[in-house]
Each structure stands twice: as C-alpha cells, then as structure tokens.
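Take a look at the structure set out below.
2 protein chains.
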Amino acid sequence: MSTPRLERLSINQITVRDWSLAQAAEGLARHGIGGIGVWPERVEELGLQRSVALLRDHDLHVSSVCRAGFFTAQPDPSRVSDANRRAIEITRAVGGDCLYIVCGPLAQDNDLAGARAMALDGLAAMAVEAEVAGVALALEPLHPMMTADRCVVVTLAQALDMVDAVGSPAVGVAVDSYNVWWDPQLPASLERAGARVISYQICDWLVPQPHPVFGRGIPGDGVIDLAALTRQVDSVGYQGPIEVEIFNEDVWSRDADEVISLIRDRFPSVS
Amino acid sequence: MSTPRLERLSINQITVRDWSLAQAAEGLARHGIGGIGVWPERVEELGLQRSVALLRDHDLHVSSVCRAGFFTAQPDPSRVSDANRRAIEITRAVGGDCLYIVCGPLAQDNDLAGARAMALDGLAAMAVEAEVAGVALALEPLHPMMTADRCVVVTLAQALDMVDAVGSPAVGVAVDSYNVWWDPQLPASLERAGARVISYQICDWLVPQPHPVFGRGIPGDGVIDLAALTRQVDSVGYQGPIEVEIFNEDVWSRDADEVISLIRDRFPSVS
C-alpha cells in the first residue's frame with residue numbers, strides 16, 4: 008500500500024529552505040523522492056539551463072513552480088509584468104505541472120473589492136501568455152487570515168469564480184490543505200472544481216499555531232484530517248502529485264535530511 | 008450627522024477589560040454612551056440582581072450578553088448545560104438584545120464534520136429554552152483561523168445554514184467585522200440573512216496582526232472599510248446597536264477612559 012502512495016510524494020523546496028536547488032535535488036533523489044516544487048528565485052540563482060539539467064539528471068518531476076502573480080501591487084495588472092512572464096518561461100523550461108498564482112494583498116486604499124478586480128484582470132492577462140507557452144496556471148486561494156497582507160483570494164469557491172470568469176483552459180486551481188481545510192463549503196467547491204484541480208499541496212495546522220505564515224506543521228503533527236482530504240481531492244478526479252510544502256521556522260532549523268525522512272515515513276498515513 | 012450615529016454606539020465590556028461591571032457602567036454613562044455588551048462572568052461577580060439595578064440606574068441598554076454555547080466540548084450537546092441555561096436567564100434578566108453563541112472548537116478526535124454536527128445539536132436544544140424565556144440567540148461565526156481552537160462555525164453562510172436547520176424564531180446571527188470582512192460571499196450571505204441579523208459588532212484588523220485573538224484593533228486603526236460594512240449590514244434591514252468589542256492586550260494596557268473617548272470620537276467616521 009505504501010508504494011503507490013509514495014509515488015505521488017513531491018516536496019516543495021521551501022520545506023528545506025536552507026538548501027540550494029542543487030542540494031535539494033540531490034537530497035530528494037538520495038531519499039528516493041521523485042517530485043519537487045521549485046521557486047523561481049532558486050532557479051535563477053543556479054541559472055535556468057543548469058537548473059533544467061540538474062532536475063533532469065536527478066530524474067525529478069517538477070510538480071509546481073511557486074510562485075507568480077501579485078497583481079494587486081501592480082500599476083496595471085492587465086499588462087503582464089516581466090517577473091510573471093519570466094515565471095511562465097521558467098515553468099515551461101523545467102517542465103513544471105503548473106505555476107502557482109498568488110494574487111497579492113489588499114492595497115493601501117483598503118479597497119477589497121477593487122483589489123479583487125485587479126486580481127481578476129491580472130489573471131486574465133497572464134492566462135493568455137500561459138496558454139501560448141503551454142503552461143498551466145494554478146490559482147491558489149490562501150487562508151482568509153492572509154487577506155490583508157498576502158492574498159485577497161481566500162476560498163476555493165472564489166478562485167473557481169475567477170477561473171470561470173477568465174475562461175482559459177490554461178487556468179485551474181491549487182488546493183492547499185492549510186488554506187482550505189476549515190471551509191464548510193469545501194466538499195461542494197471540490198465537486199464543482201472537478202478536473203480544474205491541477206495541484207494539491209499538504210501541510211498540517213498546528214495547535215497552538217506558532218505563527219500564521221511561518222507556523223505550518225509537518226503532516227501528522229497537527230489537526231487536519233489529511234487522509235480524508237486527499238480522498239476528497241482524489242474523488243473529484245485529481246491523480247497528480249501530493250506536494251508537501253512547509254513554511255516553519257522550527258522545521259527550517261532542523262536537519263533537512265531528518266525532515267525529509269520524517270515526511271517520507273509519515274506520507275502513507277497522511278495521504 | 009454625528010448624533011444619530013452615536014445613538015447606536017454600544018461598547019462591549021471586554022474592551023475595558025480591567026474595569027468591573029460597575030466601573031464599566033459608570034464609565035460608559037460618564038462618556039454619554041447608552042449601550043453596553045456584558046459578560047456573564049462579570050454579572051455573576053457583582054450578582055444578577057445588583058447588575059440589573061446597576062444597568063437600569065445608568066440607563067444602559069444591553070446590546071448583547073457574551074457569551075454561551077461551547078457545545079463541541081460537551082458530552083451530550085442535546086442536553087442544555089447549566090452554564091448555558093444560566094446565560095439565558097442572565098440575558099433575560101438584564102434585558103439583553105441577544106445572547107451570543109460561540110459553538111466551540113475542534114475536539115481531540117480532529118473530526119471537523121462531527122464537531123459541526125455537535126454544534127447544531129447544541130444550538131437546537133438551546134433554542135427551545137431560549138424561545139420559552141423570550142431570549143434571542145445570536146449565532147456568531149468566528150474567523151476561520153479559529154476553527155481548531157475556538158469555533159468550528161466560521162462563515163455567515165454556514166451560520167445561516169444552521170439557523171435554517173434549527174428553524175426557531177429565537178435564533179439569528181451575529182455579524183462581527185473582524186470575523187467576516189474577508190468573506191467574498193459576505194454580500195450574498197447578508198442579503199440571505201436579512202432580518203436574521205440580530206447583532207452587529209465592530210473592531211478593526213491590524214496590519215501586521217499582533218495576535219490572532221488578542222490583536223483586534225480600535226475602529227479606524229486597521230484595514231477594514233467599516234463604514235461600507237455598516238452600510239451593507241443596514242441595507243438588509245438591521246437598525247440596532249453597533250457594538251465595539253476589542254480584544255487587545257495593548258488596548259487593555261491603556262487608560263480605559265482614553266480608549267472610550269477615542270472610540271466615541273471615531274465612531275461617526277467608521278460606522
């Protein structure tokens with residue numbers, strides 16, 4: 008039973024933050040893990056061509072590139088920024104399943120509806136270029152507690168409304184356990200999403216919560232019924248990688264090999 | 008313009024936490040404020056009959072009693088606990104507009120759906136006794152970030168589903184700016200709620216957020232467009248008190264008279 012589950016395991020490189028992309032690629036391969044989520048900054052650090060070669064040499068499947076978007080901070084979100092265009096290019100080059108889109112926070116004027124309209128404009132413009140490049144954009148709702156300072160898109164239903172409004176085959180949604188587990192509407196939204204779920208990330212919700220952003224837990228350390236959530240996500244047709252992404256100062260201070268071993272050992276019981 | 012707005016101002020006594028009920032009643036009256044939200048513990052501290060006399064002597068309207076519920080921690084939520092029965096009695100005696108209901112957190116078994124079912128059972132049982140007593144229960148969705156450790160009811164839509172399921176005229180919903188401002192579904196949920204909105208509380212969302220529970224801001228110090236929210240709440244038919252409720256260690260450490268003056272001065276522009 009554990010073998011097929013492990014085949015779906017991917018680890019986002021932020022989970023082993025202090026490792027370079029080369030260290031992460033080597034580390035994951037050493038632990039027999041075949042999937043990785045990469046960050047554009049880390050790809051640029053090494054260089055795009057060297058990154059592509061590195062990932063290929065370690066036979067790593069790139070389950071996601073994290074991340075682009077941040078439309079609400081842009082003067083005109085209907086024009087694709089250089090950073091977002093480059094993120095599409097990187098995703099295509101590394102063969103990533105998708106590029107995560109985080110829409111950005113409330114702006115200085117505190118106009119929430121306005122910021123949400125900017126997010127939609129930005130997504131629509133970026134979808135055109137992503138489609139041409141053959142890159143999938145995974146729109147990620149963040150947790151509602153991040154509305155003010157990180158992302159004004161905060162529920163799966165809202166993300167699906169945006170995907171519907173954009174109407175591009177290049178755009179789907181990302182489901183991240185930490186961001187959606189609380190949502191009473193989640194079963195209905197997953198049903199509605201169906202094949203538009205193009206990425207799935209997991210981590211746990213710790214109690215007490217050490218920090219809203221940098222206090223995510225290793226799967227199994229918190230209160231989310233991750234096995235049940237995975238069943239729900241799978242039941243609407245998702246069959247792709249299950250990517251573990253952890254932002255946590257305490258986890259980052261631990262030995263990265265031990266963290267990967269722990270995630271690997273726990274994976275069959277939490278997915 | 009400021010006069011009619013001020014007539015709606017009520018202050019929840021937790022905002023001046025270090026004052027006793029007697030000090031709070033005298034303090035609010037001294038500042039010309041006619042409404043107060045009270046806590047059962049503070050009423051018991053003084054004694055119910057003395058509290059009733061005190062509130063009457065200061066001509067204070069009790070906009071809410073905060074709070075009861077906590078069904079998810081009870082062995083059998085379908086039996087009304089002594090504490091919840093007493094809270095109904097207190098609310099009736101002080102003539103409170105409503106009794107706030109906080110349903111309680113996720114239990115040890117991490118069964119979120121199960122905890123939500125317990126919350127519904129508890130609300131239904133309590134509604135029967137509230138109706139007999141002529142007391143209104145205001146079901147309060149808390150912010151989703153509090154799902155694990157405070158309350159499994161986290162959106163206005165979910166609260167309305169529960170109110171519909173209970174089907175008692177004694178049960179409505181409470182709208183608290185801090186808990187609902189982020190919700191993309193809020194306008195639709197308010198429309199749906201209509202006259203079932205029986206209480207409205209405000210405070211602000213600070214950036215950065217000092218603490219998820221004890222980091223609420225004085226109206227005007229944060230990012231919520233409170234004037235717009237009040238218009239939305241009023242537009243569906245609510246015309247009752249606007250109660251300022253602030254949990255904030257920094258606010259609590261300040262001179263309570265200064266805090267009340269500040270809230271009073273700001274009130275016309277944020278409501």
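For the protein sequence lines, the chains are B and E, in the order given. FYI, the numbering for the first sequence is 8 to 278, going by our numbering. FYI, the numbering for the second sequence is 8 to 278, going by our numbering. Virtual Cβ for every residue (Gly too), placed ideally from N, Cα, C.
Segment limits, beta strand (DSSP E) that includes residue i
i: L16(B); result: 16 to 19
i: V45(B); result: 42 to 45
i: L149(B); result: Note, L149(B): premise wrong, no beta strand (DSSP E); not H, not E.
i: Q208(B); result: 204 to 209
i: L106(B); result: 106 to 109
i: R74(B); result: 68 to 76
i: A181(B); result: 178 to 183
i: A240(B); result: Here residue 240(B) turns out to be Val, not Ala, going by the sequence shown. Counting along the chain, V240(B) falls outside any beta strand (DSSP E), though it belongs to the alpha helix (DSSP H) covering 233 to 242.
i: E250(E); result: 249 to 251
Spatially closest choice to residue i from the options, by CA coordinates
i: E14(B); options: S70(B), D64(B), Q56(B), E52(B); result: S70(B)
i: P194(B); options: I209(B), I205(B), L163(B); result: L163(B)
i: W189(E); options: C73(B), A263(B), N117(B), D264(B); result: N117(B)
i: C105(B); options: S206(B), L269(B), S242(B); result: S206(B)
i: I108(E); options: A120(E), A100(E), L127(E), G121(E); result: L127(E)
i: D211(B); options: V142(E), A140(E), P148(E), A155(E); result: A155(E)
i: W259(B); options: G222(B), T79(B), R99(B); result: G222(B)
i: E138(E); options: G111(E), P176(E), P226(E), L269(E); result: P176(E)
i: A200(E); options: Q239(E), V159(E), V101(E), G41(E); result: Q239(E)
i: L236(B); options: H218(B), E198(B), E256(B), V159(B); result: E198(B)
i: L113(E); options: H68(B), S196(B), D232(B); result: D232(B)
i: A124(B); options: R57(B), R93(B), L144(B), D168(B); result: D168(B)
i: G247(E); options: H68(E), A122(E), R63(E); result: H68(E)
Neighbourhood of residue i by C-beta distance below 6 Å, restricted to the same chain and skipping five residues each side
i: H150(B); result: N186
i: V214(E); result: V230
i: Q192(E); result: A164
i: A132(E); result: S85, V87
i: Q208(B); result: D183, E250, E252
i: R74(B); result: Y107, V109
i: M8(E); result: Legend: pLDDT at M8(E) = 38, less than 50; position of this residue unreliable, no value from coordinates given.
i: G111(E); result: F77, F78, T79, A80
i: N91(B); result: A75, M133
i: M153(E); result: none
i: E256(E); result: F221
8 Å Cβ cut-off: residues of chain E touching residue i
i: P217(B); result: Ordered by position in chain E, no residue passes the 8 Å Cβ test against P217(B), which lies about 11 Å from the chain.
i: P151(B); result: H150, P151, M152, W189, D190
9 Å Cβ cut-off: residues of chain B touching residue i
i: A140(E); result: Result: empty, since nearest Cβ-Cβ is about 29 Å, beyond 9 Å.
i: M125(E); result: Simply none; closest approach about 14 Å.
i: D66(E); result: Ordered by position in chain B, no residue passes the 9 Å Cβ test against D66(E), which lies about 36 Å from the chain.
i: V161(E); result: P151, W189, D190, P191
Same chain, Cβ closer than 8 Å to residue i, neighbours up to 5 away in sequence not counted
i: Q20(B); result: W26, L28, A31, I43, G44, V45, W46, R49
i: G34(E); result: V23, W26, A263, D264, I267
i: H65(E); result: A32, E33, L35, A36
i: L53(E); result: S27, L28, A29, L61
i: A234(E); result: S276, V277, S278
i: L269(E); result: I225
i: A172(E); result: L127, A131
Chain B residues whose Cβ lies nearer than 7 Å to that of residue i
i: V214(E); result: A155, D156
i: Q165(E); result: P191
Chain-ordered chain E contacts of residue i [CB-CB under 9 Å]
i: T237(B); result: Under the 9 Å cutoff, chain E gives no residues; its nearest Cβ is about 15 Å from T237(B).
i: L282(B); result: Coverage of chain B is limited to positions 8 through 278, which leaves residue 282(B) absent and any answer about it impossible.
Interface partners of residue i on chain E, CB under 7 Å
i: N117(B); result: V230, D232
Residue range of the unbroken alpha helix (DSSP H) whose run includes residue i
i: D156(E); result: Looking at the DSSP string, D156(E) is not in any alpha helix (DSSP H), and its letter there is neither H nor E.
i: R57(B); result: 55 to 64
i: E136(E); result: 119 to 140
i: I95(E); result: 89 to 101
i: I267(E); result: 263 to 277
i: V170(E); result: 163 to 173
i: S260(E); result: 256 to 260
i: S196(E); result: 193 to 200
Beta-carbon proximity list for residue i, same chain, < 7 Å, skipping 5 on both sides
i: V170(B); result: L146, V178, G179, V180, R203
i: T10(B); result: In this predicted model, T10(B) has a pLDDT of only 49, less than 50, meaning its place in the structure is not dependable; the value taken from the coordinates is given anyway. No residues qualify anywhere along the chain.
i: Q81(E); result: S88, G129
i: I97(B); result: P47, V50, L55, V72
i: V59(B); result: A100, V101
i: F95(B); result: Checking the sequence shown, residue 95(B) turns out to be Ile, not Phe. The answer, listed in chain order, is L106, E136, A137, A140, V142.
i: D228(B); result: D211, L213
Q. Just checking, does the stretch 261 to 276 of chain B make contact with the stretch 13 to 29 of chain E on the three C-beta pairs under 8 Å criterion?
A. Touching, no, given that fewer than three Cβ pairs across the two stretches are closer than 8 Å.
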